[in-house]
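Visitor: What the sequence shown shows, in mature numbering (1 follows the signal peptide of the UniProt record, and there is no 0), is residues -19 to -1, 1 to 330, in sequence order.
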Amino acid sequence: MKKLLGAATLACMATAAHAQTSVTVYGLIDANITYNNNAGANKGSQFKLNSGGMNTSRFGLRGSEDLGGGLKAIMQLEGGVVLDTGASDGDMFGRQANVGLQGDFGRIIAGRSYSTTYDFILPFDPMGYAPQYSWATSAGATGSRKDGMLTGVSNLLKYQYDGKGYKLGATYGFGEVAGNTSGNAKYIVAASAFDGPWAAVITYEQNNSAPIANGSYDQAKVLHLGGSYAFGPAKVFAGYRNFKKTLATGAADQRSDTLWLGANYAVAPSWTLTGVYYYQDIKNVASGADADPGMLVLRAKYAMSKRTDIYIATGYAKASNNKLTGVSRDDAGFASNQTSATVGIQHRF
């Protein structure tokens, strides 16, 4: 009897909670087989089972509670998954861990989240920041330089307002350095406008590193511009990033411009073709001539259902002046050019 009463009590509590709160389990699973040439110091080729081709794999919880008067409490927890090994790609909820409020005033959250730059520029990359293959977040550059955007921010307050034909956003990341409020702090503002077939966006961010002994810090300032236009079954995209990083050591600034131009074309209701060219103009490299890498990408995607896609993609990256580059925005390059091809499947739930 006690067990029955306990079960009934839990059921009633769950029903009451469900009446007030909505929690959704969601995720994305993406796996592919990839070929790369110039994949190591010996310039050998490589075949591998890879996690994340069109999108990185992830798992999360998203919830909201209606507080009345058009106000909602919201929360989100999300972590990345390395599908080929089953491991986490970092902290358990290293992508999203936040809580906030949403209403007529917009949406404000606190915790860990994607940056406002990431949110606003994503719709203007025809590849959708695909690990295979996009340079919109960061390109294959000389040495350890990526000169990219700030994609995720911890200790943040993030705000977004969606208006009629426009939206505004801002992120502030607390530096949390005692006696130095600017050290390690992050600042982002963004605006986007859209009307019928066209859309445009502008974002500006400042990313301060942790301060060194004398209290100074590296400071990256990044401007993004983007535009898109849809006509018939086609949609064209253009993006631009101006990157400047001032170093605390007093060494020469790191500067570059990154551009991309591409299109999506719906060949049939279930088939979409994508083509993009990415280019990075690297400036004032201390070692002399710049790499200035470029990458051409082609992809075909077939929607088997609303949740499941199969895809095939290829990318070719090449740098100038015999510098190193590669197709991946995350992996080191071992030659002045690299060719890669992948075939994969993606499922959303």
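Ideal Cβ positions, reconstructed from N, Cα and C, are used throughout, including at glycine.
(1) Does V248 pass the burial test, meaning 16 or more other C-beta atoms within 10 Å, or should it be called exposed?
(2) From the DSSP output, in three-state form, read off I90 for me.
(3) Pull up the DSSP beta-bridge partners for G49, would you.
(4) Can the beta-carbon of F218 be found less than 8 Å from the beta-carbon of S173?
(5) Could you check the C-alpha separation between V324 and A181 for me, to the nearest Å?
(6) Return the chain-ordered list of same chain residues with a C-beta closer than 7 Å to the C-beta of Y7, the five sequence neighbours on each side being excluded.
(7) Using the rule of at least 16 other Cβ atoms within 10 Å of the residue's Cβ for burial, across every protein chain shown, is I169 buried or exposed?
(8) What residues in its chain sit with their C-beta under 6 Å from that of L149, if we drop five residues either side in the sequence?
(9) Given a cut-off of 8 Å, decide if A294 and R280 are closer than it, judged by their beta-carbon atoms.
(10) What is the rounded straight-line gap between the Cα of V80 and the Cα of N265?
(11) Out of A78, Y210, N36, D85, which has the shortest C-alpha to C-alpha gap to G50?
(12) Between the Cα of N161 and those of A191, L52, K139, spot the shortest distance and give me the residue it belongs to.
(13) Which residues does DSSP list as the beta-bridge partners of W179?
(14) Which residues in the same chain have their Cβ closer than 8 Å to the Cβ of T5, if we skip the five residues on either side of it in sequence?
(15) When the Cα atoms are used, what is the spatial distance from I10 to T289?
Guide: According to the structure shown:
(1) exposed
(2) strand
(3) L52
(4) no
(5) Looking at the backbone, the Cα of V324 and that of A181 are separated by about 32 Å.
(6) G41, R43, F330
(7) buried
(8) Y142, A172
(9) yes
(10) 42 Å
(11) D85
(12) Selected option, being the one with the closest Cα: A191.
(13) D176, Y210
(14) Hits under 8 Å: L42, R43, G44.
(15) 10 Å
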